[in-house]
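A.B. asks:
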Amino acid sequence: MNDVETLLEAVEDKILERGRAYYESGMVQDLSGDSNGNFTASVEGSELTPYKVRVSIDPKSGEVLSYGCSCPYEFGDICKHLVAVFLAIRDGNYKKTGEIRPVDFSQCVEALSLEQLRKLVVAQAERDRDFENEVLLTSGCLNDDQVFSKIKEQMKEAVRFGTHGGFIDWRGCDEICAELDRILNTAQDRLEEKKLTLAFRIILEIIRTGVRLASIADSSSGSLTDVLCRSQELLQTCCKEISDVGTDKEKEQCLDRLMKVSQEKRFDGWDDDAYSLLHTAVCFLKEKNSMKWYAVLNAMKEKEESRNYSDYALEENALLRMESIEKLNGAGAGEEYLYANLKWDRFRKMALERAIEKKNYLEAERLCLEKLSSKERFNRTDWLEYLYGIYGFLHESGKQADTAKALLFTGSLDYFDRLKELLNADGTWEKEYPNLMNDCETKLSFWQYQQLLEHTGEHRLLMDTVRKYPESVFQYGSLLAPLFPTEVFPIYDRAIRKSAEMANSRPQYKRVCSQIRGLYQSGGKETAAHLIASLAQTYPRRSAFLDELSKLQGKLSKLK
Numbered sequence: 002m003n004d005v006e007t008l009l010e011a012v013e014d015k016i017l018e019r020g021r022a023y024y025e026s027g028m029v030q031d032l033s034g035d036s037n038g039n040f041t042a043s044v045e046g047s048e049l050t051p052y053k054v055r056v057s058i059d060p061k062s063g064e065v066l067s068y069g070c071s072c073p074y075e076f077g078d079i080c081k082h083l084v085a086v087f088l089a090i091r092d093g094n095y096k097k098t099g100e101i102r103p104v105d106f107s108q109c110v111e112a113l114s115l116e117q118l119r120k121l122v123v124a125q126a127e128r129d130r131d132f133e134n135e136v137l138l139t140s141g142c143l144n145d146d147q148v149f150s151k152i153k154e155q156m157k158e159a160v161r162f163g164t165h166g167g168f169i170d171w172r173g174c175d176e177i178c179a180e181l182d183r184i185l186n187t188a189q190d191r192l193e194e195k196k197l198t199l200a201f202r203i204i205l206e207i208i209r210t211g212v213r214l215a216s217i218a219d220s221s222s223g224s225l226t227d228v229l230c231r232s233q234e235l236l237q238t239c240c241k242e243i244s245d246v247g248t249d250k251e252k253e254q255c256l257d258r259l260m261k262v263s264q265e266k267r268f269d270g271w272d273d274d275a276y277s278l279l280h281t282a283v284c285f286l287k288e289k290n291s292m293k294w295y296a297v298l299n300a301m302k303e304k305e306e307s308r309n310y311s312d313y314a315l316e317e318n319a320l321l322r323m324e325s326i327e328k329l330n331g332a333g334a335g336e337e338y339l340y341a342n343l344k345w346d347r348f349r350k351m352a353l354e355r356a357i358e359k360k361n362y363l364e365a366e367r368l369c370l371e372k373l374s375s376k377e378r379f380n381r382t383d384w385l386e387y388l389y390g391i392y393g394f395l396h397e398s399g400k401q402a403d404t405a406k407a408l409l410f411t412g413s414l415d416y417f418d419r420l421k422e423l424l425n426a427d428g429t430w431e432k433e434y435p436n437l438m439n440d441c442e443t444k445l446s447f448w449q450y451q452q453l454l455e456h457t458g459e460h461r462l463l464m465d466t467v468r469k470y471p472e473s474v475f476q477y478g479s480l481l482a483p484l485f486p487t488e489v490f491p492i493y494d495r496a497i498r499k500s501a502e503m504a505n506s507r508p509q510y511k512r513v514c515s516q517i518r519g520l521y522q523s524g525g526k527e528t529a530a531h532l533i534a535s536l537a538q539t540y541p542r543r544s545a546f547l548d549e550l551s552k553l554q555g556k557l558s559k560l561k
């Protein structure tokens with residue numbers, strides 16, 4: 002839970018000290034809070050006009066629900082003005098205002114006459130363009146073209162408002178995506194009302210806008226990905242319904258539009274999104290428009306080959322061709338194309354899964370072994386897992402055990418117990434175990450080997466690895482300390498000192514203190530106490546570190 006104290010502890014030392022100075026200098030003005038936990042304040046700053054700060058806190062739990070400041074600070078969520086207000090709230094230095102009683106808004110609306118309500122709606126629409134658009138779209142007075150035109154303008158306006166100084170930062174991108182998501186809800190409403198072609202146009206326009214944003218905006222928050230994924234899913238649903246109940250003209254128009262949009266310049270470099278549109282369009286495909294369709298696929302293939310990108314886009318192109326062949330020429334022709342393109346992993350996996358579904362396990366085995374014998378570099382795990390399952394179907398326990406061992410050596414540790422079960426069944430486990438563990442030490446990564454040692458209870462060997470890699474004491478110290486205290490506690494001491502030497506911020510100091518607490522809880526109480534005193538002497542100028550060490554010392558004293 003993020004209460005005031007937690008938020009303050011996470012603030013950078015420099016900002017915390019500046020905020021404290023603001024608070025102690027009396028620069029927080031007119032701070033007031035009501036019983037619902039809503040606080041407002043003015044904080045004097047470098048500008049003539051004080052900055053406005055708002056904070057909302059759950060009055061029961063103390064959790065900070067939201068906060069904001071009107072200053073232009075861009076290097077974190079919490080500025081010095083917010084710090085000053087948080088400190089004032091924590092200390093109770095604010096004016097308490099009366100309780101704001103909740104009002105049943107619905108009852109208030111019902112109490113209005115129709116004429117009063119009409120005047121309020123018109124007046125609000127004159128002040129708020131978004132509200133005006135909402136009324137227009139809800140009223141049913143606009144035809145589909147007018148609705149679509151309004152929605153396009155809303156998207157453009159959202160992009161304009163999210164652009165600051167000619168650039169769309171992550172905040173602006175989030176604001177735009179929030180509006181696109183709201184418009185997507187409108188499209189979903191139209192879909193549920195069976196206004197399918199209007200829903201199609203709106204969703205496709207959202208995707209076009211989203212792909213454009215991907216090239217010009219900071220979309221690192223993930224909100225744009227969410228909008229595009231939801232849009233693609235809704236578009237698939239919409240196209241499926243049009244394919245089922247739409248007229249031939251509507252289907253052809255949708256197909257043409259999807260092909261045209263997928264070729265727009267904005268999709269250059271965003272192959273996934275372009276191919277997603279075309280995969281969705283396959284449901285509209287007919288023999289009469291196949292030439293135009295394959296011309297699009299050929300153009301995309303030529304472009305991808307010329308750019309020397311990864312093979313992913315070419316594989317996607319081939320997969321789309323197979324879907325097209327199955328749609329136009331039937332399953333048999335699709336199967337033939339599938340086997341002609343086994344060089345692509347997704348094709349081979351598709352063929353393999355179809356063979357398993359038909360219980361043709363020998364064919365499935367052949368497809369796996371052929372891939373595993375190739376000299377190219379690839380992830381072997383997927384194919385070994387397929388093979389392990391196939392040998393289970395074939396009751397080939399020896400081959401299944403060999404496959405389980407191969408999977409174990411790739412780092413799939415859950416296959417250790419499966420291998421043990423198989424070897425126990427044929428009575429060879431005790432004999433194989435020593436050699437198996439030796440192989441694991443050389444073939445697994447260090448941390449995977451440690452996990453396996455913990456799982457098998459090989460504590461002496463695990464202790465040897467901790468001596469070799471001291472940082473792992475933070476993970477395994479509590480397990481090993483009762484067994485090897487004279488070895489574990491000195492390793493803890495050295496590792497914590499090294500961690501403290503590299504720490505330079507409060508979050509890192511807190512991590513060091515957490516490591517000391519782990520040492521204490523593992524039984525190294527004397528070592529922990531000595532370490533706290535030693536670190537305080539070693540770093541007397543790190544005020545934040547001293548503060549955290551003091552807090553830790555107080556907490557540990559209560560545990561005695």
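Sequential numbering from 2 applies to the sequence shown in the working numbering. Just so it is clear, CB atoms sit at the ideal spot from N, CA and C, and this is done for glycine as well.
Whose CA, out of Leu520, Gln509, Ile208, Glu502, lies closest to the CA of Gln538?
C.D. replies: Position 537 of the sequence shown, counted from the start, is the residue given in the question as residue 538. Of the listed residues, the one whose Cα sits closest to Gln538 is Glu502.
A.B. asks: Where Asn318 and Glu324 are concerned, what is the direct C-alpha to C-alpha distance, given to the nearest angstrom?
C.D. replies: On the sequence shown, position 317 is the one that residue 318 refers to. On the sequence shown, position 323 is the one that residue 324 refers to. Taking the straight line joining both Cα atoms gives about 10 angstroms.
A.B. asks: What residue range is occupied by the uninterrupted alpha helix (DSSP H) comprising Ile497?
C.D. replies: Residue numbering aside, residue 497 sits at position 496 when the sequence shown is read from its first letter. It spans 486-503 - the alpha helix (DSSP H) in which Ile497 sits, taken as one unbroken run.
A.B. asks: Can you tell me whether DSSP reads Asp273 as helix, strand or coil?
C.D. replies: Numbered from its first residue, the sequence shown carries residue 273 at position 272. The answer is helix: DSSP assigns Asp273 an H, G or I state.
A.B. asks: Find the nearest neighbour of Ser43 within the set Met28, Met351, Ser36, Asp35, judged by alpha-carbon distance.
C.D. replies: Stepping through the sequence shown from its first residue, residue 43 is reached at position 42. Of Met28, Met351, Ser36, Asp35, the residue nearest in Cα terms is Met28.
A.B. asks: At which residues does the alpha helix (DSSP H) containing Leu476 begin and terminate?
C.D. replies: Taking the sequence shown and counting its residues from 1, one reaches residue 476 at position 475. Here residue 476 turns out to be Gln, not Leu, going by the sequence shown. Gln476 -> alpha helix (DSSP H) spans 474-481.
A.B. asks: When the Cα atoms are used, what is the spatial distance from Glu133 to Cys174?
C.D. replies: Counted from its first residue, the sequence shown places residue 133 at position 132. Counted from its first residue, the sequence shown places residue 174 at position 173. When rounded, the distance between both Cα atoms is 24 angstroms.
A.B. asks: Measuring only the C-alpha atoms, how far is Lys97 from Asp227?
C.D. replies: Start at 1 with the first residue of the sequence shown, and residue 97 comes out as number 96. Start at 1 with the first residue of the sequence shown, and residue 227 comes out as number 226. Cα to Cα, Lys97 sits roughly 41 angstroms from Asp227.
A.B. asks: Is the beta carbon of Ala282 less than 8 angstroms from the beta carbon of Leu315?
C.D. replies: As a working note, residue 282 is residue 281 in the sequence shown. As a working note, residue 315 is residue 314 in the sequence shown. No, the pair does not count as a contact, with Cβ atoms beyond the cut-off.
A.B. asks: Could you tell me the distance, in whole angstroms, from the CA atom of Tyr434 to the CA atom of Lys400?
C.D. replies: For the purposes of this step, residue 434 is taken as residue 433 along the sequence shown, with counting starting at 1. For the purposes of this step, residue 400 is taken as residue 399 along the sequence shown, with counting starting at 1. The alpha-carbon atoms of Tyr434 and Lys400 are separated by roughly 18 angstroms.
A.B. asks: Let's see if you can read the secondary structure: which residues bound the alpha helix (DSSP H) around Glu142?
C.D. replies: Here the question's residue 142 lines up with position 141 in the sequence shown. The sequence as given places Cys at residue 142; Glu does not occur at that position. Premise fails: Cys142 is in no alpha helix (DSSP H) and is neither H nor E.
A.B. asks: Checking 8 angstroms against the spacing of the C-beta atoms, do Ile58 and Leu66 come in under that value?
C.D. replies: The residue labelled residue 58 in the question sits at position 57 within the sequence shown. The residue labelled residue 66 in the question sits at position 65 within the sequence shown. Going by C-beta atoms, Ile58 is nearer than 8 angstroms to Leu66.
A.B. asks: If contacts are defined as beta-carbon pairs under 8 angstroms, then Ser291 and Leu278 qualify, I think. What distance do you get, rounded to the angstrom?
C.D. replies: For this step, residue 291 is matched to residue 290 along the sequence shown. For this step, residue 278 is matched to residue 277 along the sequence shown. About 18 angstroms separates the two Cβ atoms, so there is no contact after all.
A.B. asks: Within 10 angstroms of its Cβ, does His531 collect 16 or more other Cβ (buried), or is it exposed?
C.D. replies: The residue given as residue 531 occupies position 530 in the sequence shown. Under this definition His531 is an exposed residue.
A.B. asks: Got a sec? Which residues, its chain only, sit under 6 angstroms from Phe410 by beta carbon, not counting five neighbours each side?
C.D. replies: Within the sequence shown, residue 410 is the residue found at index 409, counting from 1. Taken in chain order, the residues that qualify are Lys444.
A.B. asks: From the DSSP output, read off the bridge partner residues of Tyr521.
C.D. replies: Walking along the sequence shown from the start, residue 521 turns up at place 520. Answer by DSSP bridge pairing: none, since Tyr521 is not bridged.
A.B. asks: What does Thr41 pair with, by DSSP beta-bridge criteria?
C.D. replies: On the sequence shown, residue 41 is found 40 positions in, with the first residue counted as 1. In DSSP, Thr41 forms a bridge with Ser33, Arg55.
A.B. asks: With burial defined as no fewer than 16 other Cβ atoms inside 10 Å of the residue's Cβ, what is the status of Glu194: buried or exposed?
C.D. replies: Against the sequence shown, residue 194 aligns to sequence position 193. Its Cβ having fewer than 16 others within 10 Å, Glu194 is exposed.
A.B. asks: If I follow the unbroken alpha helix (DSSP H) through Leu445, where does it start and stop?
C.D. replies: Counted from its first residue, the sequence shown places residue 445 at position 444. From DSSP, Leu445 is part of no alpha helix (DSSP H); its letter is neither H nor E.
A.B. asks: CB-CB under 6 angstroms to Gly524, same chain, minus the five flanking residues each way: which ones, in chain order?
C.D. replies: Counting from one through the sequence shown, the residue named residue 524 turns up at place 523. Same-chain partners within the cutoff: Ala482.
A.B. asks: Could you name each continuous alpha helix (DSSP H) segment of 4 residues or more that falls completely within the region 281-352, going from the start of the chain to the end?
C.D. replies: 291-308, 313-330, 332-340, all fully within the region 281-352.
A.B. asks: Would Arg55 pass as a contact of Gly77 if the rule is Cβ separation under 8 angstroms?
C.D. replies: To locate residue 55, count along the sequence shown from 1; it is residue 54. To locate residue 77, count along the sequence shown from 1; it is residue 76. No. Outside cutoff.
A.B. asks: Is the beta carbon of Val12 less than 8 angstroms from the beta carbon of Val84?
C.D. replies: Taking the first residue of the sequence shown as position 1, residue 12 is located at position 11. Taking the first residue of the sequence shown as position 1, residue 84 is located at position 83. For Val12 and Val84, yes; Cβs fall inside 8 angstroms.
A.B. asks: Is the beta carbon of Glu455 sitting closer than 8 angstroms to the one on Leu480?
C.D. replies: In the sequence shown, counting from the first residue as 1, residue 455 sits at position 454. In the sequence shown, counting from the first residue as 1, residue 480 sits at position 479. Going by C-beta atoms, Glu455 is nearer than 8 angstroms to Leu480.
A.B. asks: Is the beta carbon of Leu395 sitting closer than 8 angstroms to the one on Tyr362?
C.D. replies: To locate residue 395, count along the sequence shown from 1; it is residue 394. To locate residue 362, count along the sequence shown from 1; it is residue 361. Yes, the pair counts as a contact, with Cβ atoms nearer than the cut-off.
A.B. asks: Can you tell me whether Lys81 is helix, strand or coil according to DSSP?
C.D. replies: Reading the sequence shown from its first residue, position 80 is the one you call residue 81. The answer is helix: DSSP assigns Lys81 an H, G or I state.
A.B. asks: For Tyr340, count neighbouring Cβ atoms within 10 angstroms of its own Cβ and tell me buried if that reaches 16, exposed if not.
C.D. replies: The residue labelled residue 340 in the question sits at position 339 within the sequence shown. Flag for Tyr340 reads exposed.
A.B. asks: Would you tell me roughly how many angstroms separate the C-alpha atoms of Pro60 and Val86, rounded to the nearest one?
C.D. replies: By 1-based counting over the sequence shown, the position of residue 60 is 59. By 1-based counting over the sequence shown, the position of residue 86 is 85. Each residue's Cα considered, the two are about 17 angstroms apart.
A.B. asks: Work out the CA separation of Asn186 and Tyr74 for me, nearest whole Å.
C.D. replies: Working through the sequence shown from its first residue, we reach residue 74 at position 73. Working through the sequence shown from its first residue, we reach residue 186 at position 185. Looking at the two C-alpha atoms, the distance is approximately 33 angstroms.
A.B. asks: Mind checking whether Arg1 and Ala200 have CB atoms under 8 angstroms apart?
C.D. replies: There is simply no residue 1 to check, as the chain begins at 2 and stops at 561 in what is shown.
A.B. asks: Identify every run of the beta strand (DSSP E) within the region 391-417, keeping only runs that are complete inside it and at least 3 residues long; order them along the chain.
C.D. replies: List check, beta strand (DSSP E) in window: nothing returned.
A.B. asks: Using beta-carbon positions only, say whether Lys241 and Cys284 come within less than 8 angstroms of one another.
C.D. replies: If you number the sequence shown from 1, residue 241 lands on position 240. If you number the sequence shown from 1, residue 284 lands on position 283. Cβ atoms of Lys241 and Cys284: closer than 8 angstroms.
A.B. asks: Of the choices Val513, Cys142, Trp430, Leu205, whose alpha-carbon is the least far from that of Glu265?
C.D. replies: Counting from one through the sequence shown, the residue named residue 265 turns up at place 264. Looking at the Cα atoms, Leu205 is the closest of the given residues.
A.B. asks: Along the chain, which unbroken stretches of the alpha helix (DSSP H) at least 4 residues long are found entirely within the region 190-238?
C.D. replies: The region 190-238 contains these whole alpha helix (DSSP H) runs: 197-217.
A.B. asks: Going straight from the alpha carbon of Thr457 to that of Glu386, what length do you get?
C.D. replies: Along the sequence shown, one-based indexing puts residue 457 at 456. Along the sequence shown, one-based indexing puts residue 386 at 385. Thr457 and Glu386: Cα-Cα distance of roughly 23 angstroms.
A.B. asks: Can you tell me whether DSSP reads Phe379 as helix, strand or coil?
C.D. replies: Position 378 of the sequence shown, counted from the start, is the residue given in the question as residue 379. Three-state result, Phe379: coil.
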